[in-house]
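J.: Below is a structure I'd like to ask you about.
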Amino acid sequence: MKIAILGYGKMGKAIEAAASERGHTVGLRVSSANADFVPADLAGHDVAIEFSRPESVVGNVLKCFDADLPVVIGTTGWYDRFEELKKTCEKKGQAMLPATNFSIGVHLFFSFNKYIAKAMSHYKHYDVAIEEIHHTQKLDAPSGTAITLAEGLIENRDEKTEWINESTHLPHQLGIVSKRIENVPGTHTVRYRSEIDSIELKHTAHNRKGFATGSVVAAEWLKDRKGVFAMSDVLNLS
């Protein structure tokens with residue numbers, strides 16, 4: 070495949086390396102220097118992978134739609150406009166696959182999280198909270214991955230009705246504590262705590278390769294498809 074990378078920072082470079090390992094080429098690299106690219110610049114590409122900034126996502130994706138190019142979206146912090154972009158994608162007969170995290174291990178983690186949340190829902194004396202740690206360059210907090218974990222928990226814990234980005238003791242709130250530390254690719258912990266013990270489910274990324282490789286796998290899957298998809302479609306996870 071010939072891939073356009075929209076957002077050529079550390080993740081963009083990791084995606085290029087992963088694409089090369091899998092036998093693909095990169096034809097367009099969009100950075101701050103050429104952020105005003107036009108749909109015509111996408112001609113001849115098979116798929117785009119978007120890892121730019123939250124404020125650039127919608128414009129970049131609309132350019133992909135205009136170029137009839139499927140787009141994988143890894144940037145987070147823009148999901149307040151997801152429904153708008155989804156409707157446009159469906160109306161124009163285009164393809165997009167957004168994900169808060171492309172790591173295959175993280176998507177297994179999401180599945181484990183829901184399973185354990187359902188099992189723990191019978192034991193109300195355990196409260197639950199989430200901690201996420203990322204590098205200091207990460208722009209959004211909480212992370213998209215932490216929000217996905219929170220949504221999975223709220224679906225399976227009747228007493229939890231909303232998440233909040235701080236520690237909380239209110240029974241209906243699910244607390245997410247966000248920490249930013251140099252050179253941490255991403256660590257997420259779901260912690261169940263009672264007066265007598267704690268149970269933890271944890272995922273630790275050692276580097277960006279898992280995210281990058283997963284986004285290329287998603288791009289391979291999305292090529293020649295139309296519609297709005299998720300990584301659960303790619304990995305066949307319920």
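Mapping the sequence shown onto the numbering used here, position 177 (from 1) lands on 246, and the numbers just tick up by one.
No residue lacks a Cβ here, since even glycine has one placed at the ideal position from N, Cα and C.
(1) Taking C-beta to C-beta, are Thr-258 and Glu-220 nearer than 9 Å?
(2) So what's Gly-174 in DSSP terms, helix, strand or just coil?
(3) So, under 8 Å CB-CB, Thr-205 and Ile-250 are touching, yes? Tell me the CB distance rounded to an integer number of Å.
(4) What did DSSP end up calling Asp-28 once you bin it into helix, strand or coil?
(5) Taking 8 Å as the limit between beta carbons, can you name the residues of its chain near Thr-144, skipping five residues before and five after?
(6) Can you check which of these residues, Tyr-148, Phe-134, Met-165, is closest to Ala-112 by C-alpha distance?
(7) What are the start and end residues of the alpha helix (DSSP H) that includes Leu-154?
(8) Here's the rule: buried if 16 or more other CB atoms are within 10 angstroms of the residue's CB, otherwise exposed. What is Thr-282?
(9) So is Ile-142 buried or exposed if we call it buried at 16+ other beta carbons inside 10 Å?
(10) If you draw a straight line from the C-alpha of Val-99 to the C-alpha of Ile-199, how long is it?
(11) If contacts are defined as beta-carbon pairs under 8 Å, then Ala-299 and Leu-138 qualify, I think. What distance do you get, rounded to the angstrom?
(12) According to the neighbour-count rule (16 or more other Cβ atoms, all chains shown, within 10 Å of its Cβ), is Arg-91 buried or exposed?
(13) Could you tell me the alpha carbon to alpha carbon distance between Ile-72 and Lys-295, rounded to whole angstroms?
(14) Return the chain-ordered list of same chain residues with a C-beta closer than 8 Å to the C-beta of Trp-147, the five sequence neighbours on each side being excluded.
T.: Here's the rundown:
(1) Numbered from 1 along the sequence shown, position 189 holds the residue referred to as residue 258. Numbered from 1 along the sequence shown, position 151 holds the residue referred to as residue 220. Judged by beta-carbon spacing, Glu-220 lies beyond the 9 Å limit of Thr-258, meaning their Cβ atoms are not closer than that value.
(2) On the sequence shown, position 105 is the one that residue 174 refers to. Secondary structure at Gly-174: helix, using DSSP grouped into helix, strand and coil.
(3) Working through the sequence shown from its first residue, we reach residue 205 at position 136. Working through the sequence shown from its first residue, we reach residue 250 at position 181. About 7 Å separates the two Cβ atoms, so the contact holds.
(4) Absent from the structure is residue 28, since the part of the chain shown begins at 70 and ends at 307.
(5) Indexing the sequence shown from 1 puts residue 144 at position 75. Here the set comprises Gly-76, Glu-119, Phe-120, Ser-121, Arg-122, Pro-123, Ser-125, Val-126.
(6) Counting from one through the sequence shown, the residue named residue 112 turns up at place 43. Checking every option, the nearest Cα to that of Ala-112 belongs to Phe-134.
(7) Residue mapping note: residue 154 aligns to position 85 of the sequence shown, counting from 1. Segment 151-161, the alpha helix (DSSP H) holding Leu-154.
(8) In the sequence shown, residue 282 corresponds to position 213, counting from 1. Taking a 10 Å sphere around the C-beta of Thr-282, we find 16 or more other C-beta atoms and assign the residue as buried.
(9) On the sequence shown, position 73 is the one that residue 142 refers to. In this structure Ile-142 is buried. Its beta-carbon is surrounded by 16 or more other beta-carbon atoms within 10 angstroms.
(10) On the sequence shown, residue 99 is found 30 positions in, with the first residue counted as 1. On the sequence shown, residue 199 is found 130 positions in, with the first residue counted as 1. Counting only the Cα atoms, Ile-199 lies some 34 Å from Val-99.
(11) For the purposes of this step, residue 299 is taken as residue 230 along the sequence shown, with counting starting at 1. For the purposes of this step, residue 138 is taken as residue 69 along the sequence shown, with counting starting at 1. Beta-carbon to beta-carbon, Ala-299 and Leu-138 are separated by about 19 Å, too far to satisfy the 8 Å threshold.
(12) If you number the sequence shown from 1, residue 91 lands on position 22. With fewer than 16 neighbouring CB atoms inside 10 Å of its own CB, Arg-91 falls in the exposed class.
(13) Start at 1 with the first residue of the sequence shown, and residue 72 comes out as number 3. Start at 1 with the first residue of the sequence shown, and residue 295 comes out as number 226. Their backbone Cα atoms lie some 17 Å apart in a straight line.
(14) For the purposes of this step, residue 147 is taken as residue 78 along the sequence shown, with counting starting at 1. Excluding positions up to five away in sequence, the list reads Pro-123, Glu-124, Val-126, Val-127.
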